[in-house]
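**Q**
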Amino acid sequence: MNLQQQLAQFPRLDLVGSATPLEKLPRLSDYLGREIYIKRDDVTPIAMGGNKLRKLEYLAADALRQGADTLVTAGAIQSNHVRQTAAVAARLGLHCVALLENPIDTTAENYLTNGNRLLLELFNTEVVMCDALHDPQAQLADLGTRLEAQGFRPYIVPVGGSNALGALGYVQCALEIAEQARDVQFAAVVVASGSAGTHAGLAVGLQQLLPGTELVGVTVSRKVIDQLPKVEQLQKALACSLASDALAPITLWDDYFAPQYGMPNEEGMSAVRLLAQLEGVLLDPVYTGKAMAGLIDGIAQQRFRDDGPILFVHTGGAPALFAYHPAV
-8 MNLQQQLAQF
2 PRLDLVGSAT
12 PLEKLPRLSD
22 YLGREIYIKR
32 DDVTPIAMGG
42 NKLRKLEYLA
52 ADALRQGADT
62 LVTAGAIQSN
72 HVRQTAAVAA
82 RLGLHCVALL
92 ENPIDTTAEN
102 YLTNGNRLLL
112 ELFNTEVVMC
122 DALHDPQAQL
132 ADLGTRLEAQ
142 GFRPYIVPVG
152 GSNALGALGY
162 VQCALEIAEQ
172 ARDVQFAAVV
182 VASGSAGTHA
192 GLAVGLQQLL
202 PGTELVGVTV
212 SRKVIDQLPK
222 VEQLQKALAC
232 SLASDALAPI
242 TLWDDYFAPQ
252 YGMPNEEGMS
262 AVRLLAQLEG
272 VLLDPVYTGK
282 AMAGLIDGIA
292 QQRFRDDGPI
302 LFVHTGGAPA
312 LFAYHPAV
């Protein structure tokens, strides 16, 4: 079976619809002296877009198959994943319960009430606050048990939608990229690497479809020593579920996320401003701004393995811009 046939074995809801655009960024290309393209997963059609919708196509299908009436997930107060999960729950007529933490320990009103957090209110999400997501898998399981005792039928959506089932969404994305890039030979693909599902899915898919293309994950929350096992474990589980041996070495750059997850830095904010001013494209301070900072510096420092066009996978996150004002 080819990759498309392998994916077809897994139940999937059609939430993304047609392929998201893949387009050249001409002014940024001129500015950097290198052809730069962008995969616009920020414009997926539900709740202001983002990459998690691809994962939720598989996860929500599984939830419905199991007869769930509630999606339960966890993340930061400004989690894009939680926002998209809540929106999908609303779309499907399900209840949503979100376990949230404040990872940067801020009292800033915009962070606590605006951006993604505001959208959770619109989606009628039940929010449960916790001091920290120190063991989210166990904390979500405990919350699920409590909800069952109340008569709900919960389905646990992992943080970031990142397990072997959710990551299938980015194997699907790799198929789109390969189809859309027939006339372009990418030297590299750059993506933010956080909960690891997007990165692992692309790693498995692109290794089969575009095996000569370097995939660089720019970390947004961890050093390589901590992030690499997460990506590799998910990559192996995903390849196993697809009966694939596509296990290319994982490349991670961890120079761009300081001082910590969820806290903007100057390099990332400079990238946010640059894309807005040159291309009218909105990045965010937590994920894509820092990933784009890595791409820009990677060109300047000649870190990419080969010369040639670079594809940036835009995973979304623009609602967070409002949460980080006035830092933005």
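The numbering of the sequence shown is my numbering, which starts it at -8 and goes up by one.
Don't be surprised by glycine CBs; every beta carbon is placed ideally from N, CA and C.
Remember, it's a predicted structure, so these values are computed and weren't measured experimentally.
1. Considering only C-alpha positions, which residue in the set L238, A309 and A54 is nearest to V272?
2. From which residue to which residue does the beta strand (DSSP E) around S184 run?
3. Assign A89 to one of three DSSP states: helix, strand, or coil.
4. Would you call T104 buried or exposed, if buried means 16 or more other Cβ atoms sit within 10 Å of its Cβ?
5. Would H190 and V215 qualify as a contact pair, given that the criterion is a beta-carbon distance under 8 Å?
6. Give the range of the beta strand (DSSP E) segment to which I147 is assigned.
7. Less than 8 Å between the beta carbons of V79 and T61, yes or no?
8. For I27, write down the residues that DSSP places opposite it in a beta bridge.
9. Please state the DSSP three-state secondary structure of L273.
10. Give me whichever residues DSSP pairs with Q118 in a beta bridge.
11. With which residues is A65 paired in a DSSP beta bridge?
12. Would you kindly check if the distance between the Cβ of L13 and the Cβ of I287 is under 8 Å?
13. I believe V209 touches A249 by the beta-carbon criterion, under 8 Å. Please report the beta-carbon distance rounded to the nearest angstrom.
14. Let me know if H86 comes out buried or exposed under the rule of 16 or more other beta-carbons within 10 Å of its beta-carbon.
15. In chain order, what residues of the same chain lie with their CB nearer than 7 Å to the CB of G135, ignoring the 5 residues before and after it?
16. Buried or exposed, going by whether 16 or more other CB atoms sit within 10 Å of the CB of H316?
17. Check this for me: beta carbons of G151 and G196, under 8 Å apart or not?
18. Select from S70, L131, G66 and R18 the residue whose C-alpha is nearest the C-alpha of G41.
19. For D96 and R173, I'd like the C-alpha separation in whole angstroms.
20. Under 8 Å Cβ to Cβ from D5, same chain only, skipping five residues before and after it: list those, please.
21. Hey, is the stretch 296 to 315 in contact with the stretch 23 to 40, meaning 3+ C-beta pairs nearer than 8 Å?
22. On the DSSP letters alone, give me the boundaries of the beta strand (DSSP E) that L312 sits inside.
23. Measuring straight from C-alpha to C-alpha, what distance separates N256 and P276?
24. In terms of residues, what are the limits of the beta strand (DSSP E) holding G208?
25. In angstroms, rounded to a whole number, what distance separates the CA positions of R108 and L91?
26. So L198 and A239 are supposed to be a Cβ contact under 8 Å. How far apart are they, rounded?
27. What do you get for H125, buried or exposed, if any count of 16 or more other CB atoms within 10 angstroms of its CB means buried?
28. Taking the straight line between their C-alpha atoms, what separation do you get for A123 and L16?
29. Would you kindly check if the distance between the Cβ of Q171 and the Cβ of A59 is under 8 Å?
30. My output table needs one value for L134: the three-state DSSP class, helix, strand or coil.
31. Considering just the uninterrupted stretch of the alpha helix (DSSP H) at L113, what are its terminal residues?
**A** Let's see:
1. Residue mapping note: residue 272 aligns to position 281 of the sequence shown, counting from 1. Comparing Cα-Cα distances from V272 to each of L238, A309 and A54, the minimum goes to A309.
2. The sequence position of residue 184 within the sequence shown is 193, counting from 1. First-last of the beta strand (DSSP E) with S184: A179 to S184.
3. The residue labelled residue 89 in the question sits at position 98 within the sequence shown. Three-state result, A89: strand.
4. Here the question's residue 104 lines up with position 113 in the sequence shown. T104 should be labelled exposed.
5. Position 199 of the sequence shown, counting from 1, holds the residue named residue 190. Position 224 of the sequence shown, counting from 1, holds the residue named residue 215. No.
6. Here residue 147 corresponds to residue number 156 of the sequence shown, with the count starting at 1. Start and end: P145 to I147.
7. Residue mapping note: residue 79 aligns to position 88 of the sequence shown, counting from 1. Residue mapping note: residue 61 aligns to position 70 of the sequence shown, counting from 1. No, these two residues do not count as a Cβ contact at 8 Å.
8. Along the sequence shown, read from residue 1 onward, the residue named residue 27 stands at position 36. DSSP, once it has assigned bridges, lists I301 as partnering I27.
9. As a position in the sequence shown, residue 273 is number 282, starting the count at 1. Correct three-state label for L273: coil.
10. Taking the first residue of the sequence shown as 1, we reach residue 118 at position 127. A quick correction: the sequence has Val, not Gln, at residue 118. BP columns for V118 point to A89.
11. Residue 65 sits at position 74 when you count from the first residue of the sequence shown. L90, per the DSSP bridge assignment.
12. Within the sequence shown, the letter at position 296 stands for residue 287. Within the sequence shown, the letter at position 22 stands for residue 13. Cβ atoms of I287 and L13: not closer than 8 Å.
13. Taking the sequence shown and counting its residues from 1, the one referred to as residue 209 is at position 218. Taking the sequence shown and counting its residues from 1, the one referred to as residue 249 is at position 258. The Cβ separation is near 12 Å, so there is no contact.
14. Counting from one through the sequence shown, the residue named residue 86 turns up at place 95. It is buried - the Cβ of H86 has at least 16 other Cβ atoms within 10 Å.
15. On the sequence shown, position 144 is the one that residue 135 refers to. V63, P145 and I147.
16. Here residue 316 refers to the residue found at position 325 of the sequence shown. With fewer than 16 other Cβ atoms within 10 Å, it is exposed.
17. Taking the first residue of the sequence shown as 1, we reach residue 151 at position 160. Taking the first residue of the sequence shown as 1, we reach residue 196 at position 205. No. Outside cutoff.
18. Numbered from 1 along the sequence shown, position 50 holds the residue referred to as residue 41. Nearest option by C-alpha distance: S70.
19. As a position in the sequence shown, residue 96 is number 105, starting the count at 1. As a position in the sequence shown, residue 173 is number 182, starting the count at 1. Approximately 46 Å, taken between the alpha carbons.
20. Walking along the sequence shown from the start, residue 5 turns up at place 14. Cβ neighbours of D5 beyond the five flanking positions: E48.
21. yes
22. By 1-based counting over the sequence shown, the position of residue 312 is 321. Premise fails: L312 lies in the alpha helix (DSSP H), A311 to A314, not in any beta strand (DSSP E).
23. Taking the first residue of the sequence shown as position 1, residue 256 is located at position 265. Taking the first residue of the sequence shown as position 1, residue 276 is located at position 285. Roughly 8 Å between the two C-alpha positions.
24. One-based indexing of the sequence shown puts residue 208 at position 217. It spans E205 to T210 - the beta strand (DSSP E) in which G208 sits, taken as one unbroken run.
25. Numbered from 1 along the sequence shown, position 117 holds the residue referred to as residue 108. Numbered from 1 along the sequence shown, position 100 holds the residue referred to as residue 91. Between R108 and L91, the C-alpha separation is close to 10 Å.
26. Locating residue 198 in the sequence shown gives position 207, counting from the first residue. Locating residue 239 in the sequence shown gives position 248, counting from the first residue. Reading the sequence as shown, one finds Gln at residue 198 and not Leu. So it is a contact: roughly 4 Å between Cβ atoms.
27. As a first step, residue 125 is located in the sequence shown; it is residue number 134 there, counting from the start. Exposed, by the Cβ-count rule.
28. Against the sequence shown, residue 123 aligns to sequence position 132. Against the sequence shown, residue 16 aligns to sequence position 25. Taking the straight line from one Cα to the other gives about 39 Å.
29. The residue given as residue 59 occupies position 68 in the sequence shown. The residue given as residue 171 occupies position 180 in the sequence shown. Result no, Cβ atoms of A59 and Q171 do not sit closer than 8 Å.
30. Position 143 of the sequence shown, counted from the first residue, corresponds to residue 134. L134 falls in the helix class under three-state DSSP.
31. Numbered from 1 along the sequence shown, position 122 holds the residue referred to as residue 113. L113 -> alpha helix (DSSP H) spans G106 to L113.
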